[in-house]
DNA sequence: CTCCAGGTGATGG
DNA sequence: CCATCACATGGA
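Numbering (our numbering), first residue to last: 2 to 276.
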């Protein structure tokens, strides 16, 4: 790595688990072991270099300005895990232990919104493939510091200018119409994603659900992964299964506040491995 | 072949 | 309010 910055970090940070956690779809591991993170129009390479040691291929100033918050480095996940008592919540405790290292990324809202519109009723590998195709065809081509070309996530205007057939050709299926209308609503100012960030959780959820193709699940994913509302609790098929098996008498969401989204993410990964 | 995948909108009661 | 159903697509 030409320019780089190395740092120590003692709290949970498992790049592989984050890449596979199903909250982001453009983070991949390369042959040399480093991860390439594509986020919005930016790219970063990050690798683990030792016990609690990491290095990134950007200057310290860029790391602190752009990426520290992306990886939620200000939050203490060990402390969040330690709130769970193994006697009260044995399965959730086991999930936290087994999936230690996951963090909730703070992703770009637009990218998160489109990604989770695409995600509905599909498997994670297919979601990745569609997003990859979308970015490759319609996102701005950029060059990283090694001269390698990558593609930014398409902006609202870039998607708004497409035809529905163009989206269908990315294998989006019936979600194409959702994505197109939402892109036009954002590009033409009927929806203001920036302004939404000021809303409290309940109002934000209602506002997001007014978007075409956005129901409770997608709205809560946008809140959790794009607007960093750590108490948002999206319920997909895996979480539904986990709740039924591990909490047959009812899920204790009130007790798990204000970190329902974090525990949900441990359970999601754990359920996929065990159920 | 059927069933499932980080679901939602439309419709009908 | 709730219960169905159609919706594209690919993998198991």
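From the three backbone atoms N, C-alpha and C, an ideal C-beta is built for every residue, glycine too. These numbers come from a predicted model, not from an experiment.
In the displayed model, residue 144 falls within a strand according to three-state DSSP. Here the alpha carbons of residue 101 and residue 37 stand approximately 21 Å from one another. Between residue 19 and residue 132, the beta carbon gap of about 17 Å keeps them out of contact (Cβ cut-off 8 Å). Going by DSSP, residue 264 is part of no beta strand (DSSP E) but of the alpha helix (DSSP H) stretching over 261-275.
In terms of Cβ geometry, residue 160 and residue 194 do not form a close pair [threshold 9 Å].
For residue 7, the enclosing beta strand (DSSP E) covers residues 6-9. Check the Cα spacing between residue 73 and each of 239, 16, 254 and 253: the tightest is with 16.
Scanning 53, 154 and 67 for the CA closest to the CA of residue 45 turns up 67. Residue 177 carries a helical assignment under DSSP once its states are collapsed to helix, strand and coil. For residue 167, the closest C-alpha among the options 134, 110, 107 and 70 is that of 134. Shown here for residue 145: same chain residues with a beta carbon closer than 7 Å to its own, the five before and five after excluded, namely 44 and 151 in chain order.
Judged by DSSP secondary structure, residue 137 falls within the alpha helix (DSSP H) whose first and last residues are 125-139. DSSP, reduced to helix, strand and coil, places residue 51 within a strand of the structure shown. Judged by their CB atoms, residue 232 and residue 258 are nearer to each other than the 9 Å cut-off. In this structure, the beta-carbon distance from residue 85 to residue 262 does not fall below 9 Å. A distance of 9 Å or more separates the beta carbons of residue 269 and residue 128. Between the region 245-252 and the region 207-224 there are fewer than three C-beta pairs closer than 8 Å, too few to call the two in contact. Rounded to whole angstroms, the gap between the alpha carbons of residue 192 and residue 87 is 44 Å. Given a length threshold of 4 residues, each whole run of the alpha helix (DSSP H) inside the region 166-216 is given here in chain order: 176-188, 194-197 and 202-210. In chain order, 247 place their CB closer than 6 Å to the CB of residue 92, counting only its own chain and leaving out the 5 sequence neighbours on each side. With respect to the C-alpha of residue 52, the residue from 7, 215, 228 and 130 having the closest C-alpha is 7. Distance from the CA of residue 153 to the CA of residue 239, rounded to the nearest whole angstrom, comes to 30 Å. Under the DSSP assignment, residue 30 falls in the beta strand (DSSP E) whose first and last residues are 28-30.
Short of 6 Å from the beta carbon of residue 184, and not among the five residues preceding or following it, lie these beta carbons of its own chain, in chain order: 157, 160 and 161.
In this structure, residue 114 keeps its C-beta atom at 9 Å or more from the C-beta atom of residue 236.
Separation of residue 177 and residue 205 (C-alpha to C-alpha, rounded to the nearest whole angstrom) is 24 Å. For the 9 Å CB-CB criterion, residue 229 and residue 31 do not form a contact. For the options 142, 78, 173 and 186, the alpha carbon positioned closest to that of residue 121 is the one of 173.
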